[in-house]
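Written below as structure tokens is the structure these notes are about.
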Amino acid sequence: MSVLGMGWNSRATVEKAVALAKTVQDGNTSKMTHLAVPAFKHESTLPVAVASELGLQLVWISQQDMLDVQVKCQTFSQKTYSETGMASVAEACALAAAGRGAVLLVPRRAADHVTCALAGALAEGGAQ
């Protein structure tokens, strides 16, 4: 099981978000099951449409839960940090939703006003 974390701005489209999500998933053997997005963007309809298009369960992640996993984020966006106080929204959403012990399977990728990252648990018997 893996979780797709997503961030976006007002110029993002469902089509571009879905395309980036599929690119992030390519090459990963872990099946995406959830789309995790920041609760502070709850007014946006974009993640509902993306989750539906991809057949994923939508999970809204609180700002505190995202802040709690910032130390595990691998990328840093100055713009995102200035706006949210976080290094990466997509990575934080994915990590928070994937649960304790989650690791990034694919660090944040950005395209067309959307960011996506993939997180999941280590394989059984794996080391952290």
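Here the sequence shown stands for residues 8 to 135, numbered as in the numbering used here. Idealized CB from N, CA, C, for every residue including glycine.
Are the CB atoms of residue j and residue i within a distance shorter than 9 Å?
i, j, result
"residue 99", "residue 80", "yes"
"residue 61", "residue 10", "no"
"residue 53", "residue 87", "no"
"residue 112", "residue 126", "yes"
Keeping to the same chain, check which residues put their C-beta closer than 6 Å to that of residue i; ignore five residues upstream and five downstream.
i, result
"residue 115", "82, 95, 97, 98, 122 and 124"
Please list, in chain order, all residues of the same chain as residue i whose beta carbon is under 8 Å from its beta carbon, the five residues on each side excluded.
i, result
"residue 23", "118, 119, 120 and 121"
Within the continuous alpha helix (DSSP H) that includes residue i, where are the two ends?
i, result
"residue 71", "70 to 75"
"residue 91", "85 to 91"
"residue 59", "53 to 61"
Output the boundary residues of the beta strand (DSSP E) element that contains residue i.
i, result
"residue 128", "121 to 128"
To which residues of the same chain is residue i closer than 7 Å at the C-beta, ignoring the five residues directly before and after it?
i, result
"residue 67", "44, 46 and 49"
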